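Participant: Encoded as structure tokens, here's the structure I'll be asking about.
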Ligand code: NAP
Ligand code: GLV
């Protein structure tokens, strides 16, 4: 278990600039070796830090002990079907949680306070006084996924006065939040929600869950009109043609999407120009190297002192 001067860390990232991660590692753990390419140190690599690693790139490392995901989600790891049999640890960090809660509160308030409509009115120089302004306590925000991120967002929305409900795989209890769980609990969860916030992981069970069959179970009218959908989980959770159809049929009144089936969202996607769609570029809660690297090093050091790893992914459930 104890660290050895020859131990090497592999930083296996695609789509992200590795430089800033390397810089933070050099600051936080100057004595540790970090490589970007496994081939240079195959038998010395003890840990791998990964974001969308190239498939197969974690195989053939005989001394690899732990894979650390550089994000909270781990679907990017399971996308690779050639994975070594070592524990996978994911990010759970106050920094990332706060970023996600900020995003959720921002988007919930924007829809609640008719931000889309007022921005459209401003571009047309229209002054239309709308006196209909539901109070937060009249609006139910339902959170799909009551994990680390969902729980924190739920509490912050409660503090703002919203009615909050949640849905998870197993029963989760949070003070002031109405909990539903399992396949059987989804119907009851959906029938009351005005704003649905999706913070689910992408797994074989949740893939494509944000679809017409879900939207059809939501109520037709509420204080904000038809329900609003906010997805900051993963693009693979959503059926994009179904979302557009639900908007056009008035089954959803507006949508915020941070994540997409294909990222970057292709220029030809009709989502870009739909007047009831807010798009952010997978930016709800970015992994901050400055915040996360010291936390990863601290976890690595405690592991080397013989303490158990924290935030281990359940490989069967894939989250
Ligand atoms: P987490 O702590 O693992 O929580 C996941 C939640 O989803 C849990 O409540 C879990 O239920 C629930 N869940 C999983 N499978 C389910 C199913 N089949 N049916 C019902 N509920 C299910 O994860 P987290 O840290 O909150 O992160 C959630 C996701 O956010 C990540 O996986 C990632 O995809 C996404 N994310 C996005 C961004 C961004 O910038 N857009 C940033 C960070 C994370 P149990 O409580 O019963 O286990
Ligand atoms: C970002 O999407 C994450 O999973 O942390």
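Residue numbers (our numbering): 2 to 320.
We put the CB at the ideal spot given by N, CA and C, even for glycine.
Predicted, not measured: the structure shown is a model, and the values here were computed from it.
Please indicate yes or no: does the CB of residue 146 lie closer than 8 Å to some heavy atom of the ligand GLV?
Facilitator: no
Participant: Shorter than 8 Å, the distance from the beta carbon of residue 237 to the closest heavy atom of the ligand GLV, or not?
Facilitator: Remark: the C-beta of residue 237 is outside contact range of the ligand GLV, defined as less than 8 Å to any heavy atom.
Participant: With respect to 8 Å, is the separation between the Cβ of residue 97 and the closest non-hydrogen atom of the ligand GLV below this value?
Facilitator: Relative to the non-hydrogen atoms of the ligand GLV, the Cβ of residue 97 comes within a distance shorter than 8 Å of at least one.
Participant: Excluding the five sequence neighbours on either side, which residues of its own chain have a C-beta within less than 8 Å of the C-beta of residue 24, listed in chain order?
Facilitator: 290
Participant: Are residue 277 and residue 256 close, meaning C-beta to C-beta below 9 Å?
Facilitator: yes
Participant: Does residue 34 come out as helix, strand or coil in the three-state DSSP assignment?
Facilitator: strand
Participant: If I follow the unbroken alpha helix (DSSP H) through residue 93, where does it start and stop?
Facilitator: It is not in any alpha helix (DSSP H) - residue 93 carries neither H nor E in the DSSP assignment.
Participant: Which class does residue 257 belong to by DSSP, given the choice of helix, strand or coil?
Facilitator: In the structure shown, residue 257 sits in a strand (DSSP, three-state: E or B).
Participant: Grab me the residues of residue 262's own chain with a C-beta within less than 8 Å of its C-beta, minus the 5 sequence neighbours each way, in chain order.
Facilitator: 236, 237, 239 and 241
Participant: Thinking C-alpha only, which one of 112, 65 and 27 is nearest residue 89?
Facilitator: 65
Participant: For residue 206, is the beta carbon positioned less than 8 Å from some heavy atom of the ligand NAP?
Facilitator: Residue 206: yes, Cβ under 8 Å from the ligand NAP.
Participant: For the ligand GLV, is there a heavy atom less than 8 Å away from the beta-carbon of residue 260?
Facilitator: yes
Participant: Let me confirm a value: residue 54 is counted as buried when at least 16 other C-beta atoms fall within 10 Å, else exposed. Which label applies?
Facilitator: buried
Participant: Tell me the DSSP secondary structure of residue 47 in three-state form.
Facilitator: strand
Participant: Assuming residue 167 contacts residue 181 (C-beta within less than 8 Å), just tell me the rounded distance between them.
Facilitator: 7 Å
Participant: Assign residue 41 to one of two classes, buried (16 or more other C-beta atoms within 10 Å of its C-beta) or exposed (fewer than that).
Facilitator: exposed
Participant: Just mark residue 153 as buried or exposed, buried being the case when its beta carbon has 16 or more other beta carbons within 10 Å.
Facilitator: With 16 or more Cβ atoms within 10 Å of its Cβ, residue 153 is classed as buried.
Participant: With a threshold of 8 Å, are at least 3 pairs of Cβ atoms found where one atom belongs to the stretch 8-28 and the other to the stretch 280-294?
Facilitator: Counting Cβ pairs under 8 Å, three or more are found: they touch.
Participant: Count the C-beta pairs between the stretch 301-315 and the stretch 86-105 that are closer than 8 Å, then say yes if the count reaches three, no if not.
Facilitator: yes
Participant: With hydrogens ignored, establish whether the beta-carbon of residue 287 is closer than 8 Å to any heavy atom of the ligand GLV.
Facilitator: yes
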